[in-house]
Amino acid sequence: MARHLITSAIPYINGIKHLGNLVGSQLPADLYARYLRARGHEVLYLCATDEHGTPAELAATKAGKPVADYCAEMHEVQSKIAEGFRLSFDHFGRSSSEANKTLTQHFAKVLDEQGLIHEVSETQMYSKTDGRYLPDRYIEGTCPNCGFDSARGDQCDNCTKQLDPVDLINPHSTISGSTDLEMRETKHLYLAQSQMKDQIEEWIDTRVDWPVLTTSIAKKWLNDGDGLQDRGITRDLDWGVPVQKGDAPWPGMEGKVFYVWFDAPIEYIACGQEWVDAGKGTDWERWWRTDKGADDVRYTQFMGKDNVPFHTLSFPVTILGSGEPWKLVDYIKSFNYLNYDGGQFSTSRGRGVFMDQALEILPADYWRWWLLSHVPETSDAEFTWESFQSGVNKDLADVLGNFASRVTKFCRSKFSEAVPEGGTPGAAEATLIADMTAKIREYEHHMEAIEIRKAAAALRGAWVLGNEYLQEVAPWTTFKTDPEQAAMQIRLALNLIRLYSVISAPFIPDACADLLKAMQTDDDSWPTDVPAALELLPAGHAFTVPDVTFRKITDDERADWQQRFAGTRG
Ligand SMILES: [Zn+2]
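In numbering that gives the first Met the number 0, the protein residues as written are 0 to 569.
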């Protein structure tokens with residue numbers, strides 16, 4: 000038994016995420032957490048909402064709510080949806096928590112003591128009417144390049160030219176509409192990432208087992224152009240962690256907050272404290288402090304490829320730069336993008352399926368299975384309704400669901416609703432057991448390596464073996480001449496249903512819980528010894544015929560959904 004710390008990239012607070020977001024971090028992390036728990040390991044799986052920064056302020060303004068209220072409400076919404084998808088976080092925290100505030104201020108203090116923080120003077124647009132500095136997205140004006148009249152301070156959406164707020168013609172504040180703007184000097188704190196370059200590179204070079212996708216992105220950022228750059232860690236905003244040196248003021252930094260990229264990853268650690276504060280755990284330091292037991296912990300992070308630079312460089316700079324014994328990540332599993340039906344998912348255009356909508360039309364397991372078995376591991380992947388329909392109908396309904404249904408119904412009609420006795424296993428059973436053992440070992444191997452598509456294929460393979468066995472021995476035919484032999488075949492098949500419900504649960508937890516319940520057992524022990532696992536339900540053990548485990552998606556539904564999710568969420 001080992002100890003595993005797992006985090007998935009923390010979703011930003013401003014709205015409900017689409018399936019592409021889900022499959023790129025939280026869902027695979029949940030799969031891994033469930034698998035490790037099923038194997039008897041001690042697991043702490045943490046996630047949180049990322050709540051600070053300008054986009055949260057903008058979304059709250061749009062919703063007509065104070066930003067703190069908006070974030071509290073959206074956290075509830077995201078928690079409920081996560082529960083709907085059966086994401087088994089040990090805690091789902093908030094980056095706006097007291098714990099994260101204190102810890103972020105602590106890191107800033109120790110990084111400063113290590114000589115890794117310096118002040119930089121820069122100029123930024125200030126609105127006298129609003130009484131505040133305006134982040135780039137809060138400024139609009141006419142594009143000097145194409146004449147578009149609603150170009151943002153950072154970019155023109157019409158001609159895509161990257162802009163500086165001073166480039167805009169007739170700039171105005173998007174908060175008040177005021178044109179009374181001026182460039183003012185302001186001071187910000189910078190994290191000296193460049194000083195840490197060699198140390199970070201040395202550390203990455205020791206991560207020999209990382210996926211190529213992860214290390215290649217990290218190396219590019221370390222070495223391309225001028226290499227790893229120092230980075231501003233403060234902003235002139237109201238919403239965020241106030242800039243302090245620990246619990247002491249930071250002279251010259253009054254009224255400023257830490258930049259969201261700095262405090263967000265620290266929430267991974269703070270979330271452990273929140274987990275304890277919520278009464279769910281007793282000791283977070285044994286997971287996070289190498290001087291307090293975390294040396295034995297294996298820490299795995301899950302994220303989309305766009306998040307790799309922060310997790311391989313910026314957050315490790317914070318950790319290593321502090322000189323304190325915090326746990327560093329051991330393995331980073333990163334993902335490519337999931338596209339949607341010939342294009343991209345688009346939050347702004349409402350294109351694609353969003354997490355809440357998905358649960359309205361089908362149970363979580365249907366989505367979990369398709370998404371995980373098509374996870375964008377080695378390249379981008381694409382969601383199409385045809386592929387989704389086929390994955391659900393073939394794998395879940397025809398293979399797994401049909402097996403459970405056929406076996407239990409046949410037993411009820413020819414024997415009873417109890418495991419039948421009699422008969423002697425022969426060559427066909429020996430072959431099945433050998434093949435099943437090999438397939439399950441293969442599945443375990445892929446799950447341990449977090450090779451998710453391969454694991455899904457091995458699991459599907461295990462389901463297929465059961466069906467092939469049934470086809471071959473045909474108990475419905477055997478029964479006519481040798482009922483005892485048919486009883487033995489069905490006894491084995493009923494035990495296979497229990498075994499499937501155990502090994503498949505990390506992918507499709509609800510259906511597996513139903514199957515286990517139908518088998519009237521709560522023995523969900525892992526089939527380390529496959530022959531023994533297939534004799535676990537003895538003759539005479541009662542069961543019930545499960546309700547339809549998986550229904551098929553019709554062509555009409557598919558066509559309907561395809562149209563409904565083509566764009567403009569309404
Ligand atoms: Zn333009």
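C-beta: ideal position from N, C-alpha, C; glycine also.
The structure presented is a predicted model; accordingly, all values stated were derived computationally and were not measured.
Within 8 Å, strictly: CB atoms of residue i and residue j
{"i": "residue 407", "j": "residue 106", "result": "no"}
{"i": "residue 94", "j": "residue 126", "result": "no"}
{"i": "residue 449", "j": "residue 502", "result": "no"}
{"i": "residue 189", "j": "residue 117", "result": "yes"}
{"i": "residue 115", "j": "residue 194", "result": "yes"}
{"i": "residue 319", "j": "residue 220", "result": "no"}
{"i": "residue 514", "j": "residue 403", "result": "yes"}
{"i": "residue 508", "j": "residue 85", "result": "yes"}
{"i": "residue 517", "j": "residue 547", "result": "no"}
{"i": "residue 435", "j": "residue 21", "result": "no"}
{"i": "residue 121", "j": "residue 187", "result": "yes"}
{"i": "residue 275", "j": "residue 257", "result": "no"}
{"i": "residue 538", "j": "residue 420", "result": "yes"}
{"i": "residue 167", "j": "residue 154", "result": "no"}
{"i": "residue 351", "j": "residue 18", "result": "yes"}
Residue(s) in a DSSP beta bridge with residue i
{"i": "residue 138", "result": "172"}
{"i": "residue 147", "result": "Its beta-bridge partners do not exist; DSSP assigns none."}
{"i": "residue 333", "result": "302"}
{"i": "residue 186", "result": "120"}
{"i": "residue 325", "result": "288"}
{"i": "residue 248", "result": "243"}
{"i": "residue 353", "result": "17"}
{"i": "residue 92", "result": "47"}
{"i": "residue 159", "result": "For residue 159, which the question treats as bridged, DSSP gives no partner whatsoever."}
{"i": "residue 125", "result": "132 and 181"}
{"i": "residue 41", "result": "2"}
{"i": "residue 381", "result": "338"}
Near ligand 1: residue i beta-carbon under 7 Å from a heavy atom
{"i": "residue 169", "result": "no"}
{"i": "residue 150", "result": "yes"}
{"i": "residue 301", "result": "no"}
{"i": "residue 392", "result": "no"}
{"i": "residue 145", "result": "yes"}
{"i": "residue 157", "result": "yes"}
{"i": "residue 160", "result": "yes"}
{"i": "residue 46", "result": "no"}
{"i": "residue 70", "result": "no"}
{"i": "residue 270", "result": "no"}
{"i": "residue 142", "result": "yes"}
Separation of residue j from residue i, as counted between CA atoms
{"i": "residue 138", "j": "residue 149", "result": "9 Å"}
{"i": "residue 159", "j": "residue 136", "result": "14 Å"}
{"i": "residue 152", "j": "residue 333", "result": "32 Å"}
{"i": "residue 561", "j": "residue 173", "result": "36 Å"}
{"i": "residue 569", "j": "residue 348", "result": "Because residue 569 sits at a pLDDT of 45, beneath the cut-off of 50, its placement in the model cannot be relied upon, and the following sentence gives the value as read from the coordinates. Rounded to whole angstroms, residue 569 to residue 348 spans 10 Å at the Cα level."}
{"i": "residue 266", "j": "residue 273", "result": "10 Å"}
{"i": "residue 430", "j": "residue 199", "result": "51 Å"}
{"i": "residue 368", "j": "residue 218", "result": "33 Å"}
{"i": "residue 238", "j": "residue 54", "result": "11 Å"}
{"i": "residue 4", "j": "residue 296", "result": "7 Å"}
{"i": "residue 264", "j": "residue 119", "result": "23 Å"}
{"i": "residue 246", "j": "residue 111", "result": "14 Å"}
{"i": "residue 535", "j": "residue 64", "result": "57 Å"}
{"i": "residue 180", "j": "residue 250", "result": "26 Å"}
{"i": "residue 445", "j": "residue 484", "result": "36 Å"}
{"i": "residue 268", "j": "residue 209", "result": "22 Å"}
{"i": "residue 472", "j": "residue 82", "result": "42 Å"}
{"i": "residue 87", "j": "residue 453", "result": "22 Å"}
{"i": "residue 192", "j": "residue 205", "result": "19 Å"}
{"i": "residue 177", "j": "residue 59", "result": "20 Å"}
{"i": "residue 399", "j": "residue 414", "result": "22 Å"}
{"i": "residue 288", "j": "residue 308", "result": "23 Å"}
{"i": "residue 519", "j": "residue 510", "result": "14 Å"}
When the options are compared against residue i, the one with the closest alpha-carbon
{"i": "residue 432", "options": "311, 53, 527 and 305", "result": "527"}
{"i": "residue 31", "options": "45, 20 and 19", "result": "45"}
{"i": "residue 165", "options": "28, 141 and 188", "result": "141"}
{"i": "residue 335", "options": "532, 374 and 11", "result": "374"}
{"i": "residue 43", "options": "470, 27, 157 and 270", "result": "270"}
{"i": "residue 262", "options": "97, 185 and 342", "result": "97"}
{"i": "residue 132", "options": "74, 255 and 203", "result": "255"}
{"i": "residue 370", "options": "23, 196 and 427", "result": "23"}
{"i": "residue 570", "options": "405, 488 and 74", "result": "A query on residue 570 cannot be resolved here, the shown segment of the chain reaching from 0 to 569 and no further."}
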